[in-house]
Each structure stands twice: as C-alpha cells, then as structure tokens.
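To keep things clear, I will list the structure first and then write my remarks on it.
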C-alpha cells in the first residue's frame, strides 16, 4: 500500500486531471519510498484511483438500507462542477504522455527498457561487480517541473497547506529507484551510490527544446556561452534562472500546468565508463637509442619505440583500456641509460574494461613486459591509487639522484688533477634553461646543488665522474657549461674544456613505489 495522507488527496486529483503520470503524482506527494516507484504502472494507477474515490459523495441507500452499487465508483471520478481541467478516468494509462516527465517515468521504467540498457552494457564487455547509474535529462524538464509545482502550489495554498519545491522527489531519483534494481539484476551487479563503473542513460526531447528559451530573455545573466557546451540552455543554467524568476513572471510566459506533447522522450545510447586504474613500478633503460616518450619533431617521428610504449602496450591489452597517460620521476635523454633500482613511473589506464588483477597476474604482466624487449626492464609493478601517485612528485626537487658520466678533457690530465673533486660538497650552481630544451621549457635560472663528486682516472683525456645531485640538475650542462648558461661548471673547476661522452643514471632516491620481493 502507498502511504498517502489526507492532504495528498487534492494534489493527486489535480495532477491526474492535468495528465501527469502516476509516478509524477507520487513525486509531488513527496513519496520517498523506493519500492513505490518499482511497482507496475497499472498497480500504482489503481491505488491512486482508490485513494481519491474515498472522498466521493455517499451513495444513495435502497429500501433495505444498503448502498446502491449499480455504477462502479471508479469508472469516472469528476472534479468539482464547472472545472475546466477535465476528469480522472479509470481508463487513463501510461499511453498518455506525461507533460511533466515527458515519458521518462512511464515506458522507460518498465523491465523491457532495463533489459535494453543491460544488453547495451553487456555488449561493451566490461567486467565489474558493482555499478552506479547516472541519468541525463533534457533541461526543459526543469521548466515543466517548475510549472507543475506552481500549478499544485496554487491548489494547496487555497487549503492553507504548503509544498516546498525541494520536497518534490526529483525525476532522476524516481527513475533510478524504478529501474536500477532491474538493471543490477540483469547484470548480476550491485547498484551503489558510488562505484568505479558508471552506466549512463540519457534522454532527449526535440519537440520541447524551445521551452527554455523565454528564460534567456527574463534572466539573461544566467545564460553565458561556453566553449565546451553546444547550447547555453544547460540544466544548471535553467535551474539558476528558475530560482531567480518570480512566480508571476513565469506564469505570464509559460502555461501552468505544462501543455501536453505529441511525443515522448527518446533514449540516447547507453554508455559505460570505468574510472582509471593506476599502475606503478620502476624501470631500467639499457639502450642509448631509446627515448622515454615518442620522439616527434615537426610532426615526424625520429625513432621507433619508446620506454612508455614498451611498458604501456601489454597493460593496454590486458586491462582492455581505451588509452593511457605515462608519468615518471624525471626523465632521461635518449642516449642516457637508467640503471640501479630504476626510475619510478606510473601509468594511468583510461576506461579499462577489466580492472581487477591479483598479484600473480600482475607478476605475469611484469614478465610479459620484460620479455617484450631487451631495451628495458620493469620491477615492483603494482596497482596503486590515484592519490598514491602524487608521492612520486612530492618534494621532487628535494630528492637526490646519482649519476655516472664518462668525461673527456681537452687538456691532458693525471689522477692528481682529479683529487680536488672529492673535496667539493654541496656546490651551488645556477642553470639557465639549456638551449636543447628551450623549445619546451620556459626560460628561467634554476638554482641547483651538486652534493658530492668522486672520480676514477682512465687515461690522459678521460675519467669517470660520479655525482650525487639535487633532482632536476642538468648534468650534461654542468659538465660542458652550455656556453656559459650553467655556472660554475666542470670546465670552470678544472680550467679546461670538457665534455660528456656517456651518462648513466645510477639511482633515483625516491622511496616509491614500495619494493615487491621477487
């Protein structure tokens, strides 16, 4: 049984006479019980008619004192004499298009539509155990809702009652209550308020698109063109305008109750979207001919392959994702190797159709990446949260990195010429944006620290330089000076021209992601 109160009786009659569907009647009677909206249209209709029939005039009695029941009381229940609003009939069904919800709470709440949505989701081959249902409605429904509210408000005001607009159940909520249980049952998934998998259902109604247009004249400040919106009549803009417009002005421009239409809403294609999955790990790069990201200059690709592509390709395939975003703790040049424990990285997988993997499957995925190329190797591969990836960037410039470089000097040297390097601690340098990256980085002077240095003498023109530096230091520029853009530099310190022949990253001292034992 539906829980109606005596004050609801005039509202029910007024709404039914205006042609509203039975679920819209429930909404305006503030029925907040989900199960009420899941009932069949016919059952709700019968109960509404029974409810309003209770105020019918007493029937005449026959000689025995019994009421005459020759005519069923529910066959035609007319409102007050002289009313122009029409009548409530037992024959009224959901084939009449509701002027308020435009059919959203009629046919679209039936099991056939729930199955249609479920089949569309199944065809997209997502794997999930829960979902959240989102609904997009035409903006003009807000106008029709406001019109109907004013229509009902006038009636109950005459009876010294009150109905706040915020008390009316929203079309979106009523629709979800009616169908989401059926959709969840079809898909074998729980329907929750929050879930990583979002199933979106949308509606459009071209016949009434002009319903909102008068608001642009009465409340022009609410409607501003935006780059990302095809129309200025967004739901938020319409709601804002309805909050500003007076009841009297609204009624002058729009009928109360809203006019009936010839067509019902059309359902848009059902879409699914899974929140991103984040994969983290560390990578080693062993090749001096492999860029970290695709190397494209003036629209032309210069080298085949990249670190991010070698890592991302197996992930995309396994998670069946639509795309990815790659980030790392710094980056090395194409001719620089990354050794030691590797460089931390994170991959955001966009709209994955499969999101759950156990540890064994992730380990197998790591092996797949490592077997795909001898140019890189991945370790500590794991699924992490979006929030955890921020740790890779937190305080990045306060972290340290260790390098090994093969140095050439123009002047002949011996081992004693290198001894002073070990005594230099926390050398402050100023690095103007290097010429080689000026096309992609803003011009600035960046202070950096060379924490320590050591050397291994090789011959009269070569030695190995070990450096521990502040993250973000340009090592090549520190060695050759970059035409004086880095000061001081190794050339200044050794009082000879010097250049870097090979460079390796030995360690990136960031304790993330957590190490995973082999």
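Residue numbers (UniProt numbering): 1 to 518.
Note that beta-carbon positions come from the ideal geometry of N, C-alpha and C, so glycine has one too.
The structure displayed is predicted, hence computed values, not measured ones.
Can you look up residue i in the DSSP assignment and give me helix, strand or coil?
i, result
"residue 519", "Nothing about residue 519 can be reported from this structure: the residues present for the chain run from 1 to 518 only."
"residue 128", "coil"
"residue 206", "helix"
"residue 235", "helix"
"residue 279", "strand"
"residue 2", "coil"
"residue 35", "helix"
"residue 197", "strand"
"residue 498", "strand"
"residue 152", "helix"
"residue 190", "strand"
"residue 58", "For residue 58, the predicted model reports a pLDDT of 49, less than 50, meaning its position is unreliable and no value from the coordinates is stated."
"residue 135", "strand"
"residue 312", "helix"
"residue 226", "coil"
"residue 254", "coil"
"residue 48", "helix"
"residue 517", "coil"
"residue 41", "helix"
"residue 318", "helix"
"residue 247", "helix"
"residue 19", "coil"
"residue 26", "helix"
"residue 439", "coil"
"residue 218", "helix"
"residue 355", "coil"
"residue 460", "coil"
"residue 83", "Low per-residue confidence applies at residue 83: pLDDT is 40, beneath 50, and the placement is therefore not dependable, though the value from the model is reported in the following sentence. DSSP places residue 83 in coil when its eight states are reduced to three."
"residue 109", "helix"
"residue 141", "helix"
"residue 520", "Residue 520 lies beyond the stretch modelled for the chain, which goes from 1 to 518, so this question has no answer here."
"residue 475", "helix"
"residue 90", "Because residue 90 sits at a pLDDT of 45, beneath the cut-off of 50, its placement in the model cannot be relied upon, and the following sentence gives the value as read from the coordinates. If DSSP states are grouped into helix, strand and coil, residue 90 belongs with coil."
"residue 181", "helix"
Can you give the beta carbon distance from residue i to residue j, rounded, assuming they're within the 8 Å contact cut?
i, j, result
"residue 138", "residue 265", "7 Å"
"residue 278", "residue 389", "6 Å"
"residue 183", "residue 117", "5 Å"
"residue 350", "residue 504", "Not quite, the Cβ-Cβ distance comes to about 33 Å (not below 8 Å), so this is no contact."
"residue 41", "residue 174", "In fact, because the Cβ distance is near 13 Å, the residues do not count as touching under 8 Å."
"residue 165", "residue 149", "5 Å"
"residue 286", "residue 375", "6 Å"
"residue 430", "residue 196", "Not confirmed; about 47 Å, so no contact."
"residue 454", "residue 341", "Not confirmed; about 20 Å, so no contact."
"residue 392", "residue 329", "5 Å"
"residue 465", "residue 405", "5 Å"
"residue 416", "residue 468", "Not a contact, Cβ separation roughly 23 Å."
"residue 523", "residue 296", "Residue coverage of the chain in this structure runs from 1 to 518, which leaves residue 523 outside it and unanswerable."
"residue 214", "residue 253", "4 Å"
"residue 344", "residue 282", "5 Å"
"residue 154", "residue 163", "Their Cβ separation, rounded to whole angstroms, is 10 Å, which puts residue 154 and residue 163 out of contact at 8 Å."
Considering only DSSP beta bridges, list what residue i is partnered with.
i, result
"residue 544", "Absent from the structure is residue 544, since the part of the chain shown begins at 1 and ends at 518."
"residue 338", "285 and 505"
"residue 432", "445"
"residue 301", "296"
"residue 323", "350"
"residue 450", "427 and 469"
"residue 343", "283"
"residue 486", "431"
"residue 263", "Residue 263 is not bridged to any residue."
"residue 328", "345"
message: Using 8 Å as the cut-off, can you tell me whether the stretch 360-372 makes contact with the stretch 433-452, which would need three or more C-beta pairs spanning the two stretches below that distance?
response: No, they do not touch.
query: In the stretch 358-424, which residue ranges form an unbroken alpha helix (DSSP H) of at least 4 residues, counting only runs that do not cross its ends?
result: Under the rule that a run must span 4 or more residues, the alpha helix (DSSP H) segments found entirely inside the stretch 358-424 read 359-372 and 386-389.
field: Given 8 Å, three or more beta-carbon pairs between the stretch 490-510 and the stretch 409-421
entry: Taking 8 Å as the limit for Cβ pairs, the verdict is that the stretch 409-421 does touch the stretch 490-510.
- request: Check whether the stretch 237-253 touches the stretch 317-327, taking contact to mean three or more Cβ pairs, one atom from each stretch, closer than 8 Å.
  value: Touching, no, given that fewer than three Cβ pairs across the two stretches are closer than 8 Å.
message: Whether or not the stretch 463-477 and the stretch 425-437 are in contact is what I'm after, with contact meaning three or more pairs of Cβ atoms, one per stretch, closer than 8 Å; do they touch?
response: Touching, yes, given that three or more Cβ pairs across the two stretches are closer than 8 Å.
message: Three Cβ pairs or more, each shorter than 8 Å: is that satisfied between the stretch 198-210 and the stretch 127-134?
response: These segments touch.
field: Contact between the stretch 221-235 and the stretch 303-311 (3+ Cβ pairs under 8 Å)
entry: No, the stretch 221-235 does not touch the stretch 303-311.
Segment contact, 8 Å Cβ cut-off, at least three pairs: the stretch 118-130 with the stretch 261-275: The answer is yes - the stretch 261-275 touches the stretch 118-130, with three or more Cβ pairs under 8 Å.
- request: Could you say if the stretch 45-54 and the stretch 3-17 meet the contact criterion of at least three C-beta pairs nearer than 8 Å?
  value: Segments in contact, yes.
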